[in-house]
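Yeah, the sequence shown ends on 1072 if you go by this note's numbering, and it's all consecutive.
By construction, the Cβ of each residue, glycine as well, lies at the ideal position given by its N, Cα and C atoms.
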Amino acid sequence: MDSQPSQPGRSVSSTAHRSSFDHGRPSSSSSSSSSLSKSISDASSQSLSSILNNPHGGKSGVYGPDTSWVGWWSSSTFVAPSEFAPVASTKLAGSELTRSHFHGYVSSISESHGRFEDIRKHAKEESFGFDQESHVSGLAACLREVPALYFKEDFALEDGPTFRAACPFSSLTENLTLQEKLSQYLDVVELHLVKEISVRSDSFFEAQGQLQDLNVKIVEGCSRIRELKETIRLLDKDLVDSAREIQDLSSTRANLLELQQRLRLILYVNQALSALKLLVASADCAGALDITDDLQNLLDRDELTGLHCFRHLRDHVTTSIDSINSILTAEFMRASIHDSGQADMLILSAAKGRGSLSSNGKTGDEVKLEEDETSSLRDRLLPLVIGLLRTAKLPSVLRMYRDALTADVKTAIKNAVAELLPILVARSLESDFSPGERTVDADGGGLSLASKLRTLSSEAFVHLLSAIFKIVQVHLIRAAEVKKAIEWILCNIDGHYAADSVAAAIAVGAAAAETAQENDVQTGPVVPYSPNRATSKIPPLQGKSNDASSLMNMSINFRADALRENTEAVFAACDAAHGRWAKLLGVRALLHPKLKLQEFMSIYDLTQEFITATEKIGGRLGYSIRGTLQSQAKAFMDFQHEARITKLKAVLDQETWAEMDVPEEFQAIVNSRFPSEELVSGNNGNVVPPDGSLSAETANQNAESRSEQSEPSENSSDSTAEAKSSPSAEPLERSKPGASSAPNNHGNLKEHRKSGSHILFYQGVGYHMVNCGLILLKMLSEYIDMNNSLPALSSEIVHRVVEVLKFFNTRTCQLVLGAGAMQVSGLKSITSKHLALASQVISFTYAIVPEIRRTLFLKVPEMRKPLLSAELDRVAQDYRVHRDEIHTKLVQIMRERLLVHLRGLPQIVESWNRPEDANPQPSQFARSLTKEVGFLQRVLSRTLHEVDVQAIFRQVILIFHSQISQAFSRLEISTPQAKKRLKLDVELILGCIRSLPSDNVDQSDVPNWGQLDEFLAQHFKGDSD
């Protein structure tokens, strides 16, 4: 090596200077560098060049054959541990040694022992550091000793800043100190270099020796190879060349045979392509698919790989398959969507005639296909379906068929409306106006389609819907036959002759669809696919799944997908028809609620039949059209209800509370709506009670009623009480003529009476009626009709009936008991006759509530019945309370009249006590009181039921007994003639009381016995009659 040997003198001087320098500055690193300084001073006697030589080739002495330079390095500083081992001491008997005896010895060897410990520690670090991280610890120690400035890559003393940083001296002493420090740095670096070299020297020289051995072996190997080559050359020449020539000829023959096979394959492919073009051009899809199967099979087996002439064969096959799919799709569409234009024209021609179509929409045999047509359709669809199954395109074609069928149904409906609407509009105008009144053209005068539909009468609109029904049914039945034919093909119904072909096509199509789906997932864009690829890949799929059921499951799923799309096509057509029908209904949504019940039900029933027929064909419920129909039915019910409430309010406001004859139609309503076994029909058509004895009584009552109406007005005024309306009663305005917009114009029943009786019979009981009561009866009958016609809205109808009954009861109470009729009807007062007739109407309504409940609840769901029944019970309770309040009001009227008469009794008694009074007749008080009581009895007996009359007069009798006896007891009778006059009044009043109807009979069997009888017996006991 070229490194210069170190100078021993420099090491010694450096050590001396370093020692003096360390004593001159703070000894921060004296203890850590003491051992290192000793090692450097001990090693300074050896040159670096001698160390770099081979330690094994050194001189005698420390460079022995088995001694490394590390051992030499260590031997210069290492002291054998045996020299410092403690001397074994034997304790003398009787002598005691303490630690203080060894102070002198320990102090003498302390320096040598410390150096020994440092050397041993250093040797231990070297032994472990050489194996693992000695170079790391040495480098770290070097970096700690030498500043990082000297290790920079761009370190150059000629650089001014670098020189000033490395040699910052300013005096001779600092210069010497710097030289000593630099010498120390050099020694540290040399020491660690020596250590690194020692670590790697053994391996280096060992590898050099092995390399020399390897070189010798390589030379020997080359010689051996030359010998082998010569041997092989001799063997090839003598033995192998002839056999190899035979092998080459055999390989050439095989290549020529393969070339011939390839040429034949090229010829076949070329002929197949020509035939494929001809078959596609002639629309022979089955033959074309067979050829594409073969070509695709060749492509999948890679037999055409490398043939440049067929590089576009796969694209050509894909294009041919797309052309075949287009042909099959077009043929399928032509075969499935039947040209029904002729049938549509026949239906429209019949609809344009004056004769009306059948409103039930049933076409029967006119639309149903014949057996030969069904068979022809199946035969026509069979090859098309098989071809589409082989290309796995049947589901997608069925989706296209669904869209086309939906558009066809919509177009047919649109054409039907366009053809029939002008004619129907003209007919509606002719029926509504005379020829001179028409101001628009026959086609509607430029109105929009929606406006023309709104101008149609209900009958014309039903006519239009019937024609649309027939047309839609023609198209849907054809679609249903196509659906059945496809199901017949796919499901092998009746075991048709092509079942095996269909099964094979389904298997191929299922595998093709599965493979195409995998390709879509892997490659993204959809690529055209041929069934041959699926055929060639079926064995790998089976091998992969190792289960034959996988292919069967794929076939089942593929068939299910096709059947689902087949079903969806028919349902989509039905749904489109539902949407168009619902749109026609929606255009007239504002008109239908205003129709009569019969007119609305004609539209409702036709729509229900249309829904039923289309749902039967489609196989699913049409929720959208059902919702539209239900909403229009509810709108119809709400409008009719509001109209009836408005009319009932107007009728009540105009009611004069006068009794009227009951036309026969109302008795017929009662007999039909509320039948009873107690009612029978007479020969003359009048309804009479079962015993037939009420006819004469009724006639007598009617005669009495007419005589009562002819009595002087003052009698009537005497028996009335001018009741005041309560503060809470709100005044209601009188309805103007024509304000009521009820669909069935009842009119004022007084104006169009038919022959009938004065009494309306229900369950053998007769009721005197007024106009508003008969109107209410007719409305309830109409609600029952509505309930029977719209069973789905039965619960809502019951709510409306409850609302009508509540309104009638409340408004009647306001008008009669609250005296509201005096403001709105112009009555001067509310008489007992008015109260009695109001009681009869309320009683009749209360009596028919249970029958109304029974009739309406026939259509109400069971879960809604408890709530609705509770509402009807509350209404019935309100009617009963109202009737009792009317009876209480009648009793109050009579009590007020009695109090009025009693206030004038003291003046009459004063006239009795005068001597000149000699009138033997009862007083005016008694005559007027008995006359009014008798008049009230006649009025109530002719109008109210006997039970009600007895209940009313029982309370009147008690009031008369109590009030009159108390008043007579307070009188001062001073003369005999006055006493006699009093007796005459008491007897007259008692006679009137005993003649009153009452169910109160005491033990003495004297009618209506009371306090006044006791007063007579007490004060006139000794007088003769």
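According to the neighbour-count rule (16 or more other Cβ atoms, all chains shown, within 10 Å of its Cβ), is residue i buried or exposed?
i: residue 639; result: buried
i: residue 606; result: buried
i: residue 1011; result: buried
i: residue 353; result: exposed
i: residue 714; result: buried
i: residue 621; result: buried
i: residue 787; result: A caution first: residue 787 carries a pLDDT of 36, below 50, which makes its placement in the model too unreliable to give a value.
i: residue 396; result: exposed
i: residue 708; result: buried
i: residue 297; result: exposed
i: residue 440; result: buried
i: residue 272; result: exposed
i: residue 490; result: In this prediction, residue 490 scores a pLDDT of 44, lower than 50, which makes its location untrustworthy; no coordinate-derived value is stated.
i: residue 994; result: exposed
i: residue 372; result: buried
i: residue 418; result: exposed
i: residue 522; result: buried
i: residue 913; result: exposed
i: residue 307; result: exposed
i: residue 151; result: exposed
i: residue 834; result: buried
i: residue 976; result: buried
i: residue 863; result: buried
Output needed for residue i: all residues of its chain with C-beta closer than 6 Å, excluding positions within five of it in sequence on either side, in chain order.
i: residue 819; result: 698, 699 and 702
i: residue 960; result: 1021, 1022 and 1025
i: residue 902; result: 831
i: residue 504; result: 475
i: residue 1064; result: none
Looking only at its own chain, which residues have a Cβ that is under 7 Å from the Cβ of residue i, when we skip the five neighbours before and after it?
i: residue 683; result: 639, 640 and 647
i: residue 969; result: 1031, 1032 and 1035
i: residue 883; result: 986, 987, 990 and 991
i: residue 235; result: 189, 192 and 193
i: residue 68; result: Interpretation of residue 68 is limited by its pLDDT of 36, a score under 50 that renders its predicted location unreliable; the figure taken from the coordinates is listed afterwards. Excluding sequence neighbours, residue 68 sits near 224 and 227.
i: residue 446; result: 612
i: residue 532; result: 424, 425 and 428
i: residue 214; result: 225
i: residue 627; result: 457 and 460
Please identify the residue among the options whose C-alpha is closest to the C-alpha of residue i.
i: residue 310; options: 1009, 351 and 193; result: 351
i: residue 425; options: 383, 1018 and 1029; result: 383
i: residue 948; options: 379, 974, 419 and 938; result: 974
i: residue 655; options: 876, 512, 243 and 430; result: 512
i: residue 692; options: 527, 391, 856 and 1019; result: 856
i: residue 400; options: 514, 154 and 362; result: 514
i: residue 389; options: 508, 518, 438 and 264; result: 518
What residues match up with residue i in a beta bridge as DSSP calls it?
i: residue 806; result: 815
i: residue 709; result: 804
Quick one: measure Cβ to Cβ for residue i and residue j, integer angstroms, because I've assumed they're closer than 8 Å.
i: residue 500; j: residue 468; result: 7 Å
i: residue 537; j: residue 681; result: That pair is no contact at about 44 Å.
i: residue 1085; j: residue 952; result: In this structure the chain extends from 48 to 1072, so residue 1085 is not present and cannot be described.
i: residue 326; j: residue 319; result: That pair is no contact at about 10 Å.
i: residue 879; j: residue 983; result: 6 Å
i: residue 991; j: residue 887; result: 7 Å
i: residue 889; j: residue 940; result: About 17 Å; that fails the 8 Å criterion.
i: residue 348; j: residue 619; result: 43 Å between Cβ atoms; not a contact.
i: residue 629; j: residue 675; result: 4 Å
i: residue 842; j: residue 911; result: 5 Å
i: residue 374; j: residue 333; result: With a Cβ gap of about 11 Å, residue 374 and residue 333 do not count as contacting.
i: residue 459; j: residue 391; result: 6 Å
Quick check: is the beta carbon of residue i nearer than 8 Å to any beta carbon in chain C?
i: residue 151; result: Included in the structure is just one protein chain, with no chain C present.
For residue i, collect the residues of the same chain with a Cβ closer than 8 Å to its Cβ; drop the 5 residues on either side in sequence, then sort them by chain order.
i: residue 800; result: Per-residue confidence for residue 800 stands at a pLDDT of 40, beneath the threshold of 50, marking its modelled position as unreliable; no derived number is given.
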